[in-house]
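S.K.: Here you go, one structure.
Residue numbers (my numbering): 180 to 321.
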């Protein structure tokens, strides 16, 4: 299982960088939950992934992820990632992936830094997301 699990995380990073939405979603179990750094659920399931990342791929075609460091502990893969191609500069994150028995991602929790860059990115993306009330409802649901 270890090799398959690491491959699922690696495949989703490659699919993200290629903006391959189908390949990206295929790396996740249907019961996936994506959280913010505080444990707040942002979205869940394949439909939520398609909606959020489909829009992200369309709105930010130059954004890519680079793995800096990867650590595997049991059913968890922890990546230190650098996100490049953002208009407000690079973003660094530690992302914790929880995997199921089949090696698919069931939980994703990014811990982003720096906060100023995150805030600016939210301000730039916020008006575009506001046009899609379903995304806002799910984000505010808590």
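Backbone N, C-alpha and C fix where the C-beta goes; we use that ideal spot for every residue, glycine too.
If we require 3 or more residues per run, which beta strand (DSSP E) segments fall completely within the region 198 to 275?
M.R.: Runs found: 207 to 214, 220 to 223, 243 to 252 and 255 to 263.
S.K.: Less than 8 Å between C-beta atoms, sequence neighbours within five positions excluded: which residues of the same chain meet that for residue 224?
M.R.: Translated into positions along the chain shown, residue 224 becomes position 45. Result list for residue 224: 209, 210 and 211, in chain order.
S.K.: Do you know how far the Cα of residue 242 is from the Cα of residue 222?
M.R.: Indexing the chain shown from 1 puts residue 222 at position 43. Indexing the chain shown from 1 puts residue 242 at position 63. Roughly 20 Å between the two C-alpha positions.
S.K.: Buried or exposed for residue 295, going by 16 or more other Cβ atoms inside 10 Å?
M.R.: The count along the chain shown starts at 1 and reaches residue 295 at position 116. Low per-residue confidence applies at residue 295: pLDDT is 48, beneath 50, and the placement is therefore not dependable, though the value from the model is reported in the following sentence. That one is exposed.
S.K.: For residue 156, I'd like the list of residues in its chain whose CB is within less than 8 Å of its CB, leaving aside the five on either flank, ordered along the chain.
M.R.: This structure cannot speak to residue 156, because the chain is shown only from 180 to 321.
S.K.: Between 200, 264 and 201, which lies nearest to residue 240 when the distance is taken from Cα to Cα?
M.R.: Within the chain shown, residue 240 is the residue found at index 61, counting from 1. Of 200, 264 and 201, the residue nearest in Cα terms is 264.
S.K.: Going by alpha carbons, who is nearest to residue 289 out of 196, 198, 260 and 229?
M.R.: As a working mapping, residue 289 is identified with position 110 in the chain shown. The shortest C-alpha separation from residue 289 is found at 260.
S.K.: How many Å lie between residue 229 and residue 280 at the Cα?
M.R.: Taking the chain shown and counting its residues from 1, the one referred to as residue 229 is at position 50. Taking the chain shown and counting its residues from 1, the one referred to as residue 280 is at position 101. So the two alpha carbons sit approximately 23 Å from each other.
S.K.: If you draw a straight line from the alpha carbon of residue 204 to that of residue 268, how long is it in whole angstroms?
M.R.: Taking the first residue of the chain shown as position 1, residue 204 is located at position 25. Taking the first residue of the chain shown as position 1, residue 268 is located at position 89. Whole-angstrom Cα-Cα distance: 26 Å.
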